[in-house]
Amino acid sequence: MKLLKRSIICPICGVKKGKGGHPKCSKIMQQKSAEEKENKKKTAKRQATKRWAGKNPEKIRKKDIKYRAALTEDKKILIRLSHKKWRLSNKEYVRTAHARRRALKQGNGGVLSRGIVKVLLEKQKGFCIVCKKKLNDKYHLDHIVPLAKGGQNSDDNVQLLCPPCNLSKGAKDPIEFMQSKGFLL
398 MKLLKRSIIC
408 PICGVKKGKG
418 GHPKCSKIMQ
428 QKSAEEKENK
438 KKTAKRQATK
448 RWAGKNPEKI
458 RKKDIKYRAA
468 LTEDKKILIR
478 LSHKKWRLSN
488 KEYVRTAHAR
498 RRALKQGNGG
508 VLSRGIVKVL
518 LEKQKGFCIV
528 CKKKLNDKYH
538 LDHIVPLAKG
548 GQNSDDNVQL
558 LCPPCNLSKG
568 AKDPIEFMQS
578 KGFLL
């Protein structure tokens, strides 16, 4: 009876190989494990730095003051411009961060998930809930039950409104607001 040789398929390149393996794939595996070790080192260093910063806030504050005092006006302008550019390219993140900050100040808890604006745009099909106008890029992230009235900063308590509707709503109760618009009796 003849025994069949079993060939193994390489998980990296997908080629059948015998017992010896591929020298090319072994190098790739070594590189990957070296990268993983490096990433673990970086993560450990980041965590150690965070722990140190948590224990030494005064030293961090002094270092920041010293750094800012040494900045030239040109450098300050460049930093402001790069921050502005980042905010413009990350509008959704800036909106949710603003809502999170307001909720923290109010002491209302809750966290908005990343990508909530995209989800809301899809659910609302790109239209304002109140006036049914197309939102495009001009919309406000509105809390259905306002933060000022104890509403939470959570995914189920936000909606997208056009600026005029959101500004007219303000901190009104949602039922009261919709009644004033003639939608509810």
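First residue of the sequence shown: 398, per the working numbering; consecutive thereafter. Glycine residues also receive a C-beta, built at the ideal position from the N, C-alpha and C atoms.
Going by DSSP, residue 503 is part of the alpha helix (DSSP H) stretching over 488-503. Around the Cβ of residue 462, a 10 Å sphere holds fewer than 16 other Cβ atoms; the residue is exposed. Annotated three-state conformation of residue 524 is strand, per DSSP. Close CB contacts of residue 485 within its chain, under the 8 Å cut and outside five residues either way in sequence, are absent. The Cβ-Cβ distance between residue 508 and residue 497 falls below 8 Å.
Non-local C-beta neighbours of residue 575 in its own chain, meaning closer than 7 Å and more than five positions away in sequence, comprise 581, ordered along the chain. Look at the beta carbons and you see the stretch 551-571 touching the stretch 526-540: at least three pairs across the two are nearer than 8 Å. For the pair residue 503 and residue 524, the Cα-to-Cα distance works out to about 29 Å.
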